[in-house]
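Chains as they are written, first to last, in numbering that gives the first Met the number 0: chain A, 0 to 224; chain B, 0 to 224. For reference, the structure discussed in these notes is given below.
There are 2 protein chains.
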Amino acid sequence: MSQQILIVEDEADIRELLRFNLEREGFSVLEAADGNEGLKLARQHLPDLMLLDVMLPGLDGFEVCRRLGAQSETSHIPVLMLTAKGEEMDRVVGLSLGADDYVVKPFSVRELMLRIRAVLRRGVRSSESPVLERHGIRLRPEAHTVEAQGEELLLTATEFRLLEDLLRHAGSVRTREQLLNKVWGYSFEGYARTVDTHVRRLRAKLGDAASMLETVRGVGYRIKE
Amino acid sequence: MSQQILIVEDEADIRELLRFNLEREGFSVLEAADGNEGLKLARQHLPDLMLLDVMLPGLDGFEVCRRLGAQSETSHIPVLMLTAKGEEMDRVVGLSLGADDYVVKPFSVRELMLRIRAVLRRGVRSSESPVLERHGIRLRPEAHTVEAQGEELLLTATEFRLLEDLLRHAGSVRTREQLLNKVWGYSFEGYARTVDTHVRRLRAKLGDAASMLETVRGVGYRIKE
DNA sequence: AGCCGGCGTCACGTAATTGTAACAAATCCA
DNA sequence: TGGATTTGTTACAATTACGTGACGCCGGCT
Numbered sequence: 000m001s002q003q004i005l006i007v008e009d010e011a012d013i014r015e016l017l018r019f020n021l022e023r024e025g026f027s028v029l030e031a032a033d034g035n036e037g038l039k040l041a042r043q044h045l046p047d048l049m050l051l052d053v054m055l056p057g058l059d060g061f062e063v064c065r066r067l068g069a070q071s072e073t074s075h076i077p078v079l080m081l082t083a084k085g086e087e088m089d090r091v092v093g094l095s096l097g098a099d100d101y102v103v104k105p106f107s108v109r110e111l112m113l114r115i116r117a118v119l120r121r122g123v124r125s126s127e128s129p130v131l132e133r134h135g136i137r138l139r140p141e142a143h144t145v146e147a148q149g150e151e152l153l154l155t156a157t158e159f160r161l162l163e164d165l166l167r168h169a170g171s172v173r174t175r176e177q178l179l180n181k182v183w184g185y186s187f188e189g190y191a192r193t194v195d196t197h198v199r200r201l202r203a204k205l206g207d208a209a210s211m212l213e214t215v216r217g218v219g220y221r222i223k224e
Numbered sequence: 000m001s002q003q004i005l006i007v008e009d010e011a012d013i014r015e016l017l018r019f020n021l022e023r024e025g026f027s028v029l030e031a032a033d034g035n036e037g038l039k040l041a042r043q044h045l046p047d048l049m050l051l052d053v054m055l056p057g058l059d060g061f062e063v064c065r066r067l068g069a070q071s072e073t074s075h076i077p078v079l080m081l082t083a084k085g086e087e088m089d090r091v092v093g094l095s096l097g098a099d100d101y102v103v104k105p106f107s108v109r110e111l112m113l114r115i116r117a118v119l120r121r122g123v124r125s126s127e128s129p130v131l132e133r134h135g136i137r138l139r140p141e142a143h144t145v146e147a148q149g150e151e152l153l154l155t156a157t158e159f160r161l162l163e164d165l166l167r168h169a170g171s172v173r174t175r176e177q178l179l180n181k182v183w184g185y186s187f188e189g190y191a192r193t194v195d196t197h198v199r200r201l202r203a204k205l206g207d208a209a210s211m212l213e214t215v216r217g218v219g220y221r222i223k224e
């Protein structure tokens, strides 16, 4: 379930720093200390993303990148290059060209994580369903709009996320716990009945379409198949 | 028959790496290390597109661009300018001289390839520049100008990029984080409410057209579909 | 130097949103 | 049927989000 990231970096302390932060963000991590090993692991595990240092003993980052691209199984693996500091902007640009993005050392962890997420997001873009539609309700996640029988509904952010989650699981029951975790986030420490209140508010705005949002007594809520 | 791209760039590293990526994408590549040679090759081979660095020894990118435009055989060749970050002002000049698009360094490979394909798809130079138009607002990325109801608006660089990003995603909500990453860059470590301030300034300049830039409470901002 | 435009931050006011409590209604089970 | 449990409904206070104006910094220009 968790996404896998391959670190190819010769300096052990940087590897460790990266591993620590990536795992804290929920990624699983592979490590390689040189280009050859990185290439081998990439082919074996087909990670979701590679962090690739440019300056490596033996095969350098650019060469690894080139060889990855030459193989069809590995050519789709997004690569984020780590480039040494102090280089000319032009040079950095050049070095980044075999990759999807690059970060200049020393980098801030925050920035690196942002870039990793950005690169990963590009991959899943296509799989995201653009429109959720059921029983005359049309929800556009991208636009953050909802229509019921052609009328646009003005939902609050929470209501919207709630409806989105229910729609994504249309046909199956969602428990209050599941909804709290997904809509409110794991750090929410409130009462489960908060869900009830928001379901009520949502129903009020749904009008006639509210009948599709049913209560499953003792379990949770569900949108009809 | 693969399309031919001419790279005019003085740094050998960058040339090589551009060549590598372009050939990987199926283009055939010509190289020139300075403006004069670039001009010569352009006249000889009439490539499908030119990647033209601004900073060149001898004849600079603008001059190359201008001389190309003066000849009927070469005037149709699409030009994609490579500009360094500090060359914002020059950009306007270059584009007015006939470049079809520009890419500001540093850029990611992905972005460069997308732009190359966009320019090639557009076909004949200047025949159909990408103009972002919505609700009486017309933004010309290449010319770096914005009009609202026929009146030209004088936007700052940040305001322009902000509006450009919002327009490119018209109909979709953009979160503050997305806007910060895109408009301010990943290395920006400031406060998300900075976005609000710039939205406000943008709205002030948009005048009546400001109503198309709506706030999506709890999420971000969106330009109406 | 002095000025100025652009930018990021801050403080404040207002309005929308949200979580909770309290009570009513519905449903279940013995 | 009656008590227990679960859910619906309403009201409300606290919080949050956003718009707005102002301020200070910085870099470029005169």
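For each residue, glycine too, the CB sits at the ideal point set by N, CA and C.
Original post:
At which residues does the beta strand (DSSP E) containing residue 76 of chain A begin and terminate?
Top reply: DSSP places residue 76 of chain A outside any beta strand (DSSP E), giving it a letter other than H or E.
Original post:
Hey, out of A/43, A/44 and A/50, whose CA is closest to residue 13 of chain A's CA?
Top reply: A/50
Subject >> Among A/114, A/120 and A/178, nearest to residue 161 of chain A - alpha-carbon criterion >> reply: A/178
**OP:** With residue 37 of chain A as the anchor, note down where its alpha helix (DSSP H) starts and where it stops.
**Re:** 34-44
**OP:** Report all residues from its chain with a CB closer than 6 angstroms to the CB of residue 40 of chain A; omit the five preceding and five following residues, and keep chain order.
**Re:** Result list for residue 40 of chain A: 5, 29 and 31, in chain order.
Original post:
So what's residue 169 of chain B in DSSP terms, helix, strand or just coil?
Top reply: coil
Original post:
Helix or strand or just coil, what does DSSP make of residue 221 of chain A?
Top reply: strand
Original post:
So which residues on chain B does residue 73 of chain A lean against when the C-beta distance must stay under 9 angstroms?
Top reply: Per Cβ cutoff of 9 angstroms: no residues; residue 73 of chain A is ~13 angstroms from chain B at best.
Subject >> Rounded C-alpha distance that separates residue 38 of chain B from residue 47 of chain A >> reply: 43 angstroms
Subject >> Three-way DSSP call (helix, strand, coil) for residue 144 of chain A in this model >> reply: strand
Subject >> chain B contact for residue 137 of chain A (CB, 8 angstroms cutoff) >> reply: no
Original post:
chain A partners of residue 180 of chain B, CB-CB under 7 angstroms?
Top reply: 113 and 117
**OP:** Consider the Cβ of residue 19 of chain B: report whether some Cβ of chain A lies at a distance smaller than 8 angstroms.
**Re:** yes
Original post:
How should residue 185 of chain A be labelled, buried or exposed, when 16 other C-beta atoms within 10 angstroms of its C-beta is the threshold for buried?
Top reply: exposed
Subject >> Best match in A/64, A/148 and A/201 for proximity to residue 164 of chain A [C-alpha to C-alpha] >> reply: A/201
Original post:
So, does the CB of residue 141 of chain A fall closer than 8 angstroms to a CB anywhere in chain B?
Top reply: yes
Subject >> Buried or exposed by the 16-neighbour rule on C-beta atoms within 10 Å, applied to residue 130 of chain A >> reply: exposed
**OP:** Give a yes or no on whether 8 angstroms exceeds the smallest Cβ distance from residue 110 of chain A to chain B.
**Re:** yes
**OP:** Compare the C-beta of residue 66 of chain A with all C-beta atoms of chain B and state if any pair is closer than 8 angstroms.
**Re:** no
Original post:
In terms of alpha-carbon separation, which member of A/73, A/66, A/72 and A/80 lies closest to residue 53 of chain A?
Top reply: A/80
**OP:** Take residue 207 of chain B as the anchor and find which of B/115, B/150 and B/156 has the nearest alpha-carbon.
**Re:** B/150
**OP:** Determine whether the Cβ of residue 41 of chain A lies closer than 8 angstroms to any Cβ atom of chain B.
**Re:** Chain B, which has no Cβ nearer than 8 angstroms to the Cβ of residue 41 of chain A, makes this no.
Original post:
From residue 148 of chain B to residue 111 of chain A, what does the alpha carbon distance come to, in whole angstroms?
Top reply: Spanning the two alpha carbons is a distance of roughly 42 angstroms.
Original post:
Looking at the unbroken beta strand (DSSP E) that takes in residue 24 of chain B, where does it start and where does it end?
Top reply: Careful: residue 24 of chain B lies outside any beta strand (DSSP E) and carries neither H nor E.
Original post:
Can you pull the DSSP bridge partners for residue 4 of chain A?
Top reply: A/28 and A/48
Subject >> Contacting residues, own chain, Cβ-Cβ under 6 angstroms from residue 55 of chain B (five flanking each side not counted) >> reply: 9, 33 and 34
**OP:** Kindly list the residues whose CB is nearer than 8 angstroms to the CB of residue 203 of chain B, restricted to its own chain and excluding five residues on each side of it in sequence; keep chain order.
**Re:** 209
Subject >> Interfacial residues, the stretch 153-173 of chain A to chain B, with Cβ spacing under 9 angstroms >> reply: So the close ones are 155, 156, 157 and 159.
Subject >> Reference residue 114 of chain B, options B/140, B/145, B/133 and B/152, closest by Cα >> reply: B/140
**OP:** Mind listing the chain A neighbours of residue 185 of chain B? Cutoff is C-beta to C-beta under 7 angstroms, in chain order.
**Re:** Chain A residues near residue 185 of chain B: 110, 113 and 114.
**OP:** With a cut-off of 8 angstroms on the beta carbons, I'd call residue 182 of chain A and residue 157 of chain A a contact; round off their distance for me.
**Re:** 7 angstroms
**OP:** Taking residue 218 of chain B and residue 143 of chain A to be in contact with their CB atoms under 8 angstroms, please state how far apart those CB atoms are, rounded to whole angstroms.
**Re:** 6 angstroms
Original post:
Out of curiosity, what's the CA-to-CA distance linking residue 59 of chain B and residue 82 of chain A?
Top reply: Residue 59 of chain B and residue 82 of chain A: Cα-Cα distance of roughly 28 angstroms.
Original post:
Do you know whose CA, among B/67, B/116 and B/62, lies nearest residue 24 of chain B's CA?
Top reply: B/116
Original post:
Since residue 43 of chain B contacts residue 26 of chain B with CB under 8 angstroms, what's their CB separation in whole angstroms?
Top reply: Between residue 26 of chain B and residue 43 of chain B the Cβ distance is about 18 angstroms, and since that is not below 8 angstroms, they are no contact.
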